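At position 321 of the sequence shown (counting the first as 1) the number is 321 in our numbering, and the numbers step up by one without a gap.
Note that CB positions come from ideal geometry on N, CA and C, so glycine has one too.
Here the structure is a predicted model, which means the values were calculated and not measured.
Inspection log for the structure reproduced underneath, given as structure tokens.
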Amino acid sequence: MSSPRIEIDLDKIFYNAKTLVTRLKAHGISVTGVTKACCGAPQLAKVLLRAGVTSLGDSRIENIERMRKAGIKSPITLIRSPMISQVDRVVAAADISLNTEPDVIRALSSAARKTRKQHGIILMIELGDLREGLMPCDVGKTIQLLSILPNVTFIGLGANLACRNGISPDNDNMGTLSALANRIDGAADATSHPMSVVSGGNSSNLDWVFSGGNIRRINNLRLGEAILLGCDPLHRQPIHGLYTDAIRLTGEVIESKTKPSKPWGTIAQTTFGEPPIAQDVGDVFQAILAIGQQDVDPSGLCPPDGIEVLGASSDHLLLNTGTTQMRVGSEVSFLPDYSALLRAMTSPYVEKTYIEKVEISRLMPQAAPAFVRAAYGSGLPHQYRA
Ligand SMILES: *Cc1c(COP(=O)(O)O)cnc(C)c1O
């Protein structure tokens, strides 16, 4: 195997996705599986669909086209507002998009009309995090516009919190979204159905749902991080019962020496800004891995016990390897956070390895983790059946 590489355990991701799909179903919430952190990898998309997500979502049209080329037929939502310059590609590859701009919606309508397609529109509502979204008072006008444009269909509302300002989903902001959905449905004429989607947000909504939030009209969440990393993005805590080690990043040692812990000479800036403040703890076993800022966000790497990340430059990751001196040519694996994962998946220098079914023997029924047994009861997924 070559390095650096990112290893993605699709079995663990399957369990994470299936567990979240099952838990959310009990609250009447469907899951849109978000593939953007893995650049729309078809391997991931297929596993998410097998686990029961009702649709896929990605922020980039290139990723959606990649999944379509791989033969994925499920509904796919473009979860970033489309660029006007890409509307033809959007209506060709995506069934639905999240929208906030009347000009974009008009352009989607004419692109869809040219190719005789129907394109679904979810209107995003600003609820306080100040990223995308219509101010609630402007929604009525936009729905009016949608009702007169051909080949685009209003299918519901959405919101996104936590990504820019860390605003947490709660009964207030989610209640605003539900009340808006009720108001819009109430104002529609008696023959029309209630809107089909009220997509409350992303992985940061899970804590609100599972801690007894008042769900009201919310019937969909768009989940990436929670499935891939088993982690709640609001507090970066593991989500009970999910695997937090489904994805690993591995690099190779290219230098291993005993060196002083404190640099010497006149200190100025480094390539990436202020130098770290080095404590003088005497000599240390220092190893260099052949992976750097161009491949990963070094601050988002969780090293194995006994190893500390000291810093990184474009192509080098510096480690204090504690009590053992590493052999040149040996490897070190890390658990990446979302930021490290995103950059590693996007780096052409990092090999992507998808692992499936290699752990079946370990995961036979008697060995299935307790949470899997609890989630499935007697209906254990086929991987677990003897
Ligand atoms: C990235 C994104 C998501 C998924 O977010 P996670 O925190 O990975 O679950 C959902 N919705 C939108 C609009 C996004 O941009």
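Of the candidates ILE227, PRO298, PRO276 and GLN293, the residue whose Cα lies closest to the Cα of ASP11 is ILE227.
Going by DSSP, ARG248 is part of the beta strand (DSSP E) stretching over 247-260. Within the same chain, SER81 come within 8 Å of GLU101 by CB-CB distance, once the 5 residues on both sides are set aside.
Per DSSP, the continuous beta strand (DSSP E) segment holding ALA287 begins and ends at 283-289. Counting the other CB atoms within 10 Å of its CB gives CYS231 a total of 16 or more, which places it among the buried residues. Judged by pairs of C-beta atoms under 8 Å, the region 322-331 touches the region 285-292, as three or more such pairs exist. Using a Cβ distance threshold of 8 Å, ASN99 and LEU127 do not count as a contacting pair. With a threshold of 7 Å, the Cβ atom of LEU98 counts as near ligand 1, since some heavy atom of the ligand is closer than that. In the three-state scheme derived from DSSP, where H, G and I count as helix and E and B as strand, VAL139 is classed as helix.
Assignment of beta strand (DSSP E) within the region 324-355, counting only whole runs of 3 or more residues, yields 331-336 and 351-355 in chain order.
Looking at the DSSP output, ASP58 bridges to LEU78.
Inclusion of LEU157 and SER204 in the CB contact set at 8 Å is not warranted, their separation being larger than that value. By DSSP's assignment, VAL152 forms a beta bridge with HIS119. Using a cutoff of 7 Å, the CB of ARG23 does not count as near ligand 1, since none of the ligand's heavy atoms is closer than that.
DSSP lists no bridge partner for CYS39. Per the C-alpha coordinates, the member of LEU242, ARG50, ILE218 and ARG60 positioned closest to THR346 is ARG60. The DSSP-derived three-state label of THR270 is strand. DSSP places GLU126 in the coil class of the three-state scheme, outside both helix and strand.
Comparing alpha carbon positions, the residue from ILE125, CYS137 and ARG248 closest to ILE355 is ARG248.
Cα atoms of ARG343 and SER3: separation of roughly 15 Å, rounded to the nearest angstrom.
Of the residues assessed, CYS38 falls on the buried side of the cut-off, its CB having 16 or more other CB atoms within 10 angstroms. The Cβ-Cβ distance between PRO75 and ASP95 falls below 8 Å. Set against 7 Å, the gap from the CB of VAL34 to the closest heavy atom of ligand 1 is smaller.
For ILE79, the distance from the CB to the nearest heavy atom of ligand 1 is below 7 Å. Each of ARG222, ASP185, ARG217 and SER147 was checked against the Cα of ASN171, and the nearest Cα belongs to ARG217. GLU331 has its alpha-carbon roughly 25 Å from the corresponding atom of VAL281.
Shortest gap from the CB of GLU225 to any heavy atom of ligand 1: under 7 Å.
Boundaries of the beta strand (DSSP E) around ILE6: 5-9.
Take the alpha-carbon of LYS69 and the one of GLU62: they are about 10 Å apart.
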